[in-house]
Each structure stands twice: as C-alpha cells, then as structure tokens.
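Engineer:
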Amino acid sequence: MVKSAAATVDAWLAGVDPTRAPVLAKVREAAIRNLPDHVESMSYGMPTYRRDGGPDFAFNSQKQYISLYVSQRVHALNAAVLAGLDRGKSCIRFRKPEQIDLTLVEKLLADTAKIDDAPAA
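With the numbering used here as the guide, the letters of the sequence shown map in order to residues 6 to 126.
Listed below in structure tokens is the structure:
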C-alpha cells in the first residue's frame, strides 16, 4: 500500500499523480457531501472519513490503481453492481481514473451514511 506522509487531505491531493487528481478531488467532494457529520483526516497515509471510531470511508492512489474503502456491510448492499469490479474484503480497485463511476461512489457513500445511522444487526 502506498502511504503518504501528507498531514492534510489538501496536501495529499497536491501530491498525487496529476492524471488522477481530478477524479480523486471529486471522490473527496462526494465524501464531504454525503458524510457531513464525519471527520476528514489523514489516516494510514490516505484520506479517511470517520465518526465514532474507525474509518467508515477512505480512498487512496496506489501504484497500480485507485482504491476506495467501504465497509463490508456496504459491499453486501451493493453486491450486484460490485460483482464485476476488482475488489477485496472492503476495497474496490480501479486501474484507471476514468473507470470510476461517480454515481456509484455517491451510492456507496449514501449507504455508508445510512448504515452509520442504523443499529448493527
């Protein structure tokens, strides 16, 4: 995993690959819009959004891909649409910036906000 030493998300964005920066800025804007009660910070060398404990959403610019990190509960809610994507336990990977569907990002973030408000099953 690529870890940044940047102290702020603004500094992190200023240091990412310029071909990726525009879409990463849009992902950040979507996170701020959909998770207004979450705290934005740099954690694990990447932008993270948390409320009440561990990160609920994070993203990073890796060497080979851009990664989005959402909870396994959000993965389960979106299993059908995520089925064709390169993903791990809580990670979704995109090799090219243009592969990122910002409508999907909005949905994942909206689901993250809903799950955060709902009691765990």
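The C-beta atom is built at its ideal place from N, Cα and C for all residues, glycine as well.
1) Using the C-alpha atoms, what's the distance from V28 back to S46?
2) With 16 other CB atoms within 10 Å as the buried threshold, where does T117 fall?
3) Pull up the CB-CB distance for A36 and Y49, whole angstroms please, since I reckon it's below 8 Å.
4) Less than 8 Å separating the beta-carbons of D106 and R98?
5) Who does Y74 pair with in a DSSP beta bridge?
6) DSSP on P124, reduced to helix/strand/coil?
Structural biologist: Short version:
1) Walking along the sequence shown from the start, residue 46 turns up at place 41. Walking along the sequence shown from the start, residue 28 turns up at place 23. S46 and V28: Cα-Cα distance of roughly 19 Å.
2) By 1-based counting over the sequence shown, the position of residue 117 is 112. Buried is the call here.
3) Numbered from 1 along the sequence shown, position 31 holds the residue referred to as residue 36. Numbered from 1 along the sequence shown, position 44 holds the residue referred to as residue 49. Actually they do not touch by this definition, with Cβ atoms about 15 Å apart.
4) One-based indexing of the sequence shown puts residue 106 at position 101. One-based indexing of the sequence shown puts residue 98 at position 93. It is not a contact, given that the beta carbons lie outside the stated cut-off.
5) Reading the sequence shown from its first residue, position 69 is the one you call residue 74. Beta-bridge pairing links Y74 to A63 and C96.
6) Your numbering for residue 124 matches position 119 in the sequence shown. Low per-residue confidence applies at P124: pLDDT is 46, beneath 50, and the placement is therefore not dependable enough to give any value.
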